[in-house]
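Undergrad: Here you go, one structure.
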Amino acid sequence: PHRHFMFPLELENSNIKTFYISIDSKNIIALPIKIRSHKATINKIKNEYYSLGIYYGILIVMLLYNLCLFFSLKNYSYLFYSLFVGSFALFQMTMNSISFEYFWPDSPKFQYYFTAIAIVIMGFCAIIFIRSFLNSKHYTPQLDNSLLHLICFLPLILSSCLFLSGISTHNFPKIINDL
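For the record, in the sequence shown the residue sitting at position 38 is 38 according to my numbering, with numbers rising by one throughout.
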């Protein structure tokens with residue numbers, strides 16, 4: 001399986017065919033439509049994965065480097081930054097559908113729910129990193145208080161994303177070939 005939905009189309013060079021696409025979703029979906037040859041698709045996928053590998057490799061190196069700094073310096077800001085980088089990578093994997101492809105390929109509904117979960121996890125990690133790095137409790141108590149209130153609202157944000165947005169069904173595009 002690929003992280004995007006792909007459909008093989010049989011096209012003869014001399015014939016013109018019409019294809020209809022029916023999309024059924026209660027939410028906004030991005031539907032980039034590309035028609036490529038098999039060879040061009042393979043080349044595009046290879047280039048995408050090389051780029052994504054470099055991108056996620058850099059994030060992993062940043063995470064590990066800051067974890068090493070935390071263990072050697074005992075400064076919790078490095079730990080919280082590592083958590084933020086890890087949660088950011090998880091969020092990006094969700095947005096790029098890499099998590100769907102590798103972790104739960106048989107559960108598109110969970111992928112949809114996990115997007116909201118990843119956003120909240122990333123927000124939580126960002127807030128605890130900001131509080132630690134800026135030492136907001138000591139230097140800016142008003143900012144610290146606001147950040148603590150924001151942390152308290154994260155479960156509300158998550159529940160509203162999951163349960164109030166009408167995401168009970170999630171149907172994916174269907175291609176209907178009209179011969």
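We put the beta carbon where it would ideally sit given N, CA and C, even for glycine.
If we ignore side chains and look at the alpha-carbon of each, how far apart do F110 and M95 end up?
TA: Their Cα atoms are separated by approximately 13 Å.
Undergrad: Could you compute how far the alpha carbon of D106 sits from the alpha carbon of I119?
TA: So the two alpha carbons sit approximately 22 Å from each other.
Undergrad: Using the Cβ count rule (16 or more neighbours within 10 Å means buried), how would you classify F172?
TA: Any answer about F172 is weak, because its pLDDT of 33 lies below 50 and its placement is not dependable; what the coordinates show is given next. So F172 counts as exposed.
Undergrad: How many Å lie between S159 and P108 at the Cα?
TA: About 19 Å.
Undergrad: So, at 6 Å on beta carbons, what are the nonlocal neighbours of Y115 in its own chain, with the 5 sequence-adjacent residues on each side left out?
TA: The question names Tyr, yet the displayed sequence has Thr at residue 115. Contacts found: T94.
Undergrad: Under 6 Å Cβ to Cβ from F70, same chain only, skipping five residues before and after it: list those, please.
TA: The residues are Y78 and L79.
Undergrad: Identify whether F7 lies in helix, strand or coil by the three-state DSSP scheme.
TA: Residue state, collapsed to three classes: coil.
Undergrad: Do the segment 79 to 93 and the segment 125 to 138 meet, that is, are 3 or more Cβ pairs less than 8 Å apart?
TA: Contact between the segment 79 to 93 and the segment 125 to 138 is present, because at least three Cβ pairs lie under 8 Å.
Undergrad: Scan the segment 88 to 142 and note each continuous alpha helix (DSSP H) run of 4 residues or more that stays entirely inside, going in chain order.
TA: With a minimum length of 4 residues, the continuous alpha helix (DSSP H) runs that stay inside the segment 88 to 142 are 98 to 102, 108 to 134 and 136 to 139.
Undergrad: Alpha carbon to alpha carbon, what distance is there between L83 and Y76?
TA: When rounded, the distance between both Cα atoms is 11 Å.
Undergrad: Under the rule that 16 or more other beta-carbon atoms within 10 Å means buried, what is S184, buried or exposed?
TA: With the chain represented from 1 up to 179, any question about residue 184 goes unanswered, as that position is not in the structure.
Undergrad: Assuming L11 contacts I23 (C-beta within less than 8 Å), just tell me the rounded distance between them.
TA: Not really, about 22 Å apart at Cβ, beyond 8 Å.
Undergrad: Could you name the residues of the same chain whose beta carbon sits closer than 6 Å to that of S99, not counting the 5 residues immediately before and after it, in chain order?
TA: Cβ neighbours of S99 beyond the five flanking positions: M93.
Undergrad: Please state the DSSP three-state secondary structure of S222.
TA: One cannot answer for residue 222 here, as it falls past the ends of the chain, which runs 1 to 179.
Undergrad: Let me make sure I understand the geometry here. Which of S72, C161 and R131 has the alpha-carbon closest to that of I151?
TA: Comparing Cα-Cα distances from I151 to each of S72, C161 and R131, the minimum goes to R131.
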